[in-house]
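The numbering of the sequence shown is my numbering, which starts it at 84 and goes up by one.
Notes for the one structure printed next.
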Amino acid sequence: MNNWRDQLLLILGALIWGGAFVAQSAGMDYIGPWTFLCVRSFIAFAALSALMPFLDRIRHTGKPRTETEKKYLFKAAFCCGAVLCAASIFQQAGIQYTSVGKAGFLTTLYVILVPVLSVFLGRKIRWNVWLAVLLAMAGIYFLSLSGMEALALGDILLLICAFLFTGHILTIDHFSPHTDPVRLSAWQFLVCGMISLIPMLVFERPAVNMIFQAAVPILYAGVMSSGAAYTLQIVSQKNLEPSLASILMSLESVFAALCGFIILHQVLLPRELLGCCLVFAGVLLAQLPEKKQTAEEGSLPE
Numbered sequence: 084m085n086n087w088r089d090q091l092l093l094i095l096g097a098l099i100w101g102g103a104f105v106a107q108s109a110g111m112d113y114i115g116p117w118t119f120l121c122v123r124s125f126i127a128f129a130a131l132s133a134l135m136p137f138l139d140r141i142r143h144t145g146k147p148r149t150e151t152e153k154k155y156l157f158k159a160a161f162c163c164g165a166v167l168c169a170a171s172i173f174q175q176a177g178i179q180y181t182s183v184g185k186a187g188f189l190t191t192l193y194v195i196l197v198p199v200l201s202v203f204l205g206r207k208i209r210w211n212v213w214l215a216v217l218l219a220m221a222g223i224y225f226l227s228l229s230g231m232e233a234l235a236l237g238d239i240l241l242l243i244c245a246f247l248f249t250g251h252i253l254t255i256d257h258f259s260p261h262t263d264p265v266r267l268s269a270w271q272f273l274v275c276g277m278i279s280l281i282p283m284l285v286f287e288r289p290a291v292n293m294i295f296q297a298a299v300p301i302l303y304a305g306v307m308s309s310g311a312a313y314t315l316q317i318v319s320q321k322n323l324e325p326s327l328a329s330i331l332m333s334l335e336s337v338f339a340a341l342c343g344f345i346i347l348h349q350v351l352l353p354r355e356l357l358g359c360c361l362v363f364a365g366v367l368l369a370q371l372p373e374k375k376q377t378a379e380e381g382s383l384p385e
């Protein structure tokens, strides 16, 4: 098993996601969040569909052959796409009201929430995870609050986004071992695009020229962040321990802050930098290695 290769792929995905926060922030100068999400999702589906024959040849795979496999793929794509759509729209809306660096760190809370919410699935939560939660909550205070002020709208939207991305990660963990990861990635974006199409037309009614003005951010988010990075996530999670995969994915927060500083010249205050450090310390602590459990692969689960 080429774990080093999968680790590099996830780091590359995290780097792409970090840059995507900049693209999403820039895209909001021209179009609304539903439009951005809808267009980027259809672009991701089109890009992956165009590459599918080539990817099948180098991976020596093909289309699902049995009706059971096809139905399972459609079910997996619908579930993953619906959760991804909900998470992405909260993230896209939240980015309008906060900095790229803060958005990256708040979104990264999914890495802590995954083991915490797993308690409802019957798993015992280790001491370091609870300590990580306390560190993260302290970090959010310094990152998002000033004195006794309430959470800002963007912070609240991004916290909801973190919970929803937790659901997306758990959904992928459930479905990805039993279906083709590239097709699952492609079809989840088709589902995401179709769901976001109606709100886009009802609430935003975008002009074509405005979409073209946001072409560069949309193309980056669609081809790189959605098409490439999410596919790297699904492919790599098959061959890595969840704890290691999560900590590598969490590097998107670091890359987001760096990209916001370099490209958008967004500077975090000392108090906010302390919050970032505490959140990331919690992320690292939550992902201390645990004994790997080997899942039995057999018939498709329900």
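Even for Gly, the Cβ is constructed at its ideal location relative to N, Cα and C.
Please read these numbers as outputs of a predicted model, since none were measured by experiment.
DSSP places Pro-136 in the uninterrupted alpha helix (DSSP H) bounded by 116 to 142.
Following the DSSP letters along the chain, one finds Ala-269 inside the alpha helix (DSSP H) bounded by residues 264 to 282. Assigned with DSSP and collapsed to three states, Gly-145 falls in coil, not helix or strand.
Counting other Cβ atoms within 10 Å of its Cβ, Thr-191 reaches 16 or more and is therefore classed as buried. Between the alpha carbons of Leu-92 and Leu-315 lies a distance of about 6 angstroms. A direct Cα-to-Cα measurement between Ile-223 and Phe-119 gives close to 27 angstroms.
In the three-state reduction of the DSSP assignment, Pro-289 falls in the coil class, being assigned neither a helical nor a strand state.
Taking C-beta atoms as the reference points, Cys-342 and Val-194 fail to come closer than 8 angstroms.
Residue burial annotation: Trp-270 is buried, with at least 16 other C-beta atoms found within 10 angstroms of its C-beta. Secondary structure note for Ala-160: its alpha helix (DSSP H) is the uninterrupted segment 150 to 178. In the structure shown, Asn-322 falls within a coil segment according to DSSP collapsed to helix, strand and coil. Residue state for Val-183 is assigned as helix, using DSSP reduced to three classes.
Here Asp-238 carries a helix assignment [DSSP, helix/strand/coil].
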